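In the working numbering, the protein residues as written are 19 to 235.
Working notes, beginning with the structure itself.
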Amino acid sequence: MSTVPIESRLVSAGCGNPTTIASIQEGSTVVDLGSGGGIDAFLASERVGPAGKVYGIDATPEMIDRATRIARENGYRNVEFRLGMIEDIPLEPDVADLVISNCVINLSPDKRLVFEEAFRILKPGGRLAVSDVVLLRPLPPELVSDMRAWSACLSGAMPKEGYIELIRSVGFERVEVVSEAVYSDGQLRPSIADPDSSVDLSDLAASCAVTAFKPAP
Ligand SMILES: C[S@@+](CC[C@H](N)C(=O)[O-])C[C@H]1O[C@@H](n2cnc3c(N)ncnc32)[C@H](O)[C@@H]1O
Numbered sequence: 019m020s021t022v023p024i025e026s027r028l029v030s031a032g033c034g035n036p037t038t039i040a041s042i043q044e045g046s047t048v049v050d051l052g053s054g055g056g057i058d059a060f061l062a063s064e065r066v067g068p069a070g071k072v073y074g075i076d077a078t079p080e081m082i083d084r085a086t087r088i089a090r091e092n093g094y095r096n097v098e099f100r101l102g103m104i105e106d107i108p109l110e111p112d113v114a115d116l117v118i119s120n121c122v123i124n125l126s127p128d129k130r131l132v133f134e135e136a137f138r139i140l141k142p143g144g145r146l147a148v149s150d151v152v153l154l155r156p157l158p159p160e161l162v163s164d165m166r167a168w169s170a171c172l173s174g175a176m177p178k179e180g181y182i183e184l185i186r187s188v189g190f191e192r193v194e195v196v197s198e199a200v201y202s203d204g205q206l207r208p209s210i211a212d213p214d215s216s217v218d219l220s221d222l223a224a225s226c227a228v229t230a231f232k233p234a235p
């Protein structure tokens with residue numbers, strides 16, 4: 019972590035470390051969906067080396083501009099940040115050896131499309147490795163339209179089983195939950211619009227690390 023530029027670390031908003039759950043080969047191509055300040059793209063950059071390539075995709079121009087500037091100022095020549103939606107990834111099919119994402123897919127209103135797009139840009143045999151927030155029980159009704167809870171990556175999250183099934187249903191195989199950390203009430207409370215409400219947030223959500231493969235030919 020200490021090798022990643024401090025500015026990138028300060029704006030990181032992930033819920034795991036997807037670069038540690040998948041082996042990254044030198045010379046490979048990695049795509050980070052929702053790259054934000056670039057922390058995971060920069061971690062992947064070191065692992066793919068000069069012969070490899072990392073693309074960071076983000077919908078927010080300010081994030082793309084910041085990450086691009088940090089890459090330039092810190093000499094990351096193998097990283098490119100592209101403005102775009104993860105539901106319509108601005109990359110050709112079959113380009114990536116690995117698609118990573120850190121606490122982003124829960125924000126998407128069309129998660130099926132995101133996984134279909136990840137599948138499209140992966141090479142056959144390529145791997146998906148994501149950290150994301152999933153629900154362990156139904157979302158309390160008062161949080162359904164809580165925009166603070168949505169932007170804090172809680173109220174847009176899917177039930178864990180449905181999330182796994184969705185990844186499988188777009189064609190991925192060997193879908194595996196490799197780690198899971200359940201959030202306590204106290205950890206989630208600052209994420210909701212009314213932290214004084216009596217709603218019970220314990221055992222509601224977890225950060226999950228999931229890996230899956232696009233079938234090899
Ligand atoms: C919670 S932050 C995580 C950022 C980064 N992955 C990290 O770990 O620091 C979510 C990021 O995803 C981006 N984002 C959210 N929805 C998106 C979408 N549909 N398409 C592309 N980017 C999106 C946001 O602009 C933001 O930078």
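Glycine residues also receive a C-beta, built at the ideal position from the N, C-alpha and C atoms.
All values derive from a computational prediction rather than experimental measurement.
Going by DSSP, name the residue or residues bridged to VAL48.
VAL72 and LEU116
When the Cβ atoms of the segment 223-234 are set against those of the segment 159-167, are three or more pairs found closer than 8 Å?
no
Tell whether a beta-carbon distance below 7 Å holds between VAL151 and ASN124.
yes
When you compare the CB positions of ALA40 and LEU109, do they come within less than 7 Å of one another, or not?
no
For GLU194 and ASN35, what's the separation of their Cα atoms in angstroms?
16 Å
Beta-carbon spacing of ILE75, GLY102 below 7 Å
yes
Could you tell me the alpha carbon to alpha carbon distance between GLY143 and LYS232, rounded to whole angstroms?
5 Å
Assuming LEU13 and ASP221 are in contact, meaning their beta carbons sit under 8 Å apart, how far apart are those beta carbons, in whole angstroms?
The displayed coordinates of the chain run from 19 to 235. Any statement about residue 13 would go beyond what the structure contains.
Below 6 Å, is the gap between the Cβ of LEU125 and the nearest heavy atom of ligand 1?
yes
Which term fits MET19, buried or exposed, when burial requires 16 or more other beta carbons within 10 angstroms of its beta carbon?
exposed
Could you tell me the alpha carbon to alpha carbon distance between GLU105 and ASP218, rounded to whole angstroms?
32 Å
Taking only runs that begin and end inside the segment 84-160, name each unbroken alpha helix (DSSP H) of 4 or more residues, in chain order.
129-139
Within 6 Å: the Cβ of MET103 and any heavy atom of ligand 1?
yes
Under 8 Å, with one C-beta from each stretch per pair, do the segment 54-61 and the segment 78-88 reach the 3-pair mark?
yes
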